[in-house]
Amino acid sequence: MALLDDVKSELAAIDNELPAAKKAQAATMIRFGGGLHLVQRHIVVEAQFDSFASAQWLQNAIKEIYGHSSDLIEVSRQAPAGDAVRYSVRVLRAGGALALQTGLLDRRKRPVRGLPSDIISGNIAQIKAAWRGAFLAHGELSDPGKASYLEIVCPGSEAALALVGAARRLGINAKARQVRSSERVTLRDPDAIERMLNLIGAPKSAREWTGKRNDGESRGKANRLANFDDANMRRSAKAAVEASEKVVEAFRLLGDSIPDNLRAAGQLRLDHRDASLEELGRLADPPVTKDAIAGRIRRLLQLAAKVEKQRAQ
1 MALLDDVKSE LAAIDNELPA AKKAQAATMI RFGGGLHLVQ RHIVVEAQFD SFASAQWLQN
61 AIKEIYGHSS DLIEVSRQAP AGDAVRYSVR VLRAGGALAL QTGLLDRRKR PVRGLPSDII
121 SGNIAQIKAA WRGAFLAHGE LSDPGKASYL EIVCPGSEAA LALVGAARRL GINAKARQVR
181 SSERVTLRDP DAIERMLNLI GAPKSAREWT GKRNDGESRG KANRLANFDD ANMRRSAKAA
241 VEASEKVVEA FRLLGDSIPD NLRAAGQLRL DHRDASLEEL GRLADPPVTK DAIAGRIRRL
301 LQLAAKVEKQ RAQ
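Laid out in structure tokens, this is it:
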């Protein structure tokens, strides 16, 4: 959650965009943050955010770009994890005028169900701004070390499809999906997530997210290797104990008829029951490879098995 707050703070601090891009961001923030409401035949514009910086950016944009005053209200609501605080930006008296100015009402004064056409057909700066606005309004980002995702909760299927099309114009493959009756647009590929964060204006957060994700993957790989090594050690120890028991039985069956090199290999196994084959090879006189010591022990056991079979017959 801390990283998500950092991303939104970084995005809300951007103040060097051209007017068209600022308008695209403001309109998208309103659309994805709440939208238009009809109160006593008057249109009210309201958008809620989990980030104060996001709400403050929209309030300033409404005043600077469109010339309307708005109210910024802190709203507290109950949630399973405790009280959740959200920040609501409301435009009451000039709501209808703002809705027309942002393109959220079409020329026939009907609400736009996706995103305004001026944004969809706009330049790349407007497309980036629209994605930035959607993320500020309802964006989510996975914690490093967990399954990677960047997700936008959308107000409807039309808005989700508009966002997918905007991502395609940026060269990024995003997917729309429905989760518990809510429409979402999701990025899963870590490289695509990093690129999107850079494109919408959060390069610092992108580096931090990628760095922490790589650290988490490295730790996970190290743990898997450690577990693998531990399992190998247990298997080797078990095999050594079983081999020692078989060597004891081979000595009993063969008695004095064991070739000297096979007897020496078997005795090494008995004298160093916890040692690996490689270690036994180094202890041999003269030293031999682990394949050589393994071969001698194997021939000793095969010889014992042959004698036991002959006796049985």
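Residue numbers (full-length UniProt numbering): 1 to 313.
Glycine is no exception: its CB is placed at the ideal position from the N, C-alpha and C atoms.
Proximity of residue i and residue j at Cβ, strictly below 9 angstroms
i: Tyr149; j: Ile200; result: no
i: Gln48; j: Ala130; result: no
i: Gly103; j: Val45; result: no
i: Gly133; j: Ala27; result: yes
i: Leu72; j: Ala61; result: no
i: Val241; j: Arg273; result: yes
Selection from the options that minimises the alpha carbon distance to residue i
i: Asp271; options: Asp260, Val288, Pro287, Val247; result: Val247
i: Gln40; options: His68, Ala84, Leu92; result: Leu92
i: Lys8; options: Glu140, Ile43, Lys146, Gly34; result: Glu140
i: Ala53; options: Lys63, Ala84, Ala20, Ala137; result: Ala137
i: Ala13; options: Trp57, Ala21, Ala20; result: Trp57
i: Arg184; options: Pro155, Ile119, Asn173; result: Pro155
i: Ser121; options: Val179, Lys309, Ala176, Gly165; result: Gly165
Helix, strand or coil at residue i according to DSSP, with G and I counted as helix
i: Arg299; result: helix
i: Leu197; result: helix
i: Arg107; result: coil
i: Ser88; result: strand
i: Ala284; result: coil
i: Gly96; result: helix
i: Gln313; result: coil
i: Asn261; result: helix
i: Arg273; result: coil
i: Arg113; result: coil
i: Thr210; result: helix
i: Gly266; result: helix
Cβ separation of residue i and residue j, assumed to be a contact under 8 angstroms, to the nearest whole Å
i: Ser244; j: Arg269; result: 6 angstroms
i: Gly114; j: Glu158; result: 4 angstroms
i: Ser205; j: Asp6; result: 5 angstroms
i: Leu18; j: Phe135; result: Not quite, the Cβ-Cβ distance comes to about 19 angstroms (not below 8 angstroms), so this is no contact.
Every unbroken beta strand (DSSP E) within the stretch 1-85, with a cutoff of 3 residues, ordered by chain
Listed in chain order, they are 34-39, 42-49, 71-79.
Fully enclosed by the stretch 126-201, which alpha helix (DSSP H) runs are 4 residues long or longer?
Scanning the stretch 126-201 for uninterrupted alpha helix (DSSP H) segments of 4 residues or longer gives 157-169, 190-200, listed from N- to C-terminal end.
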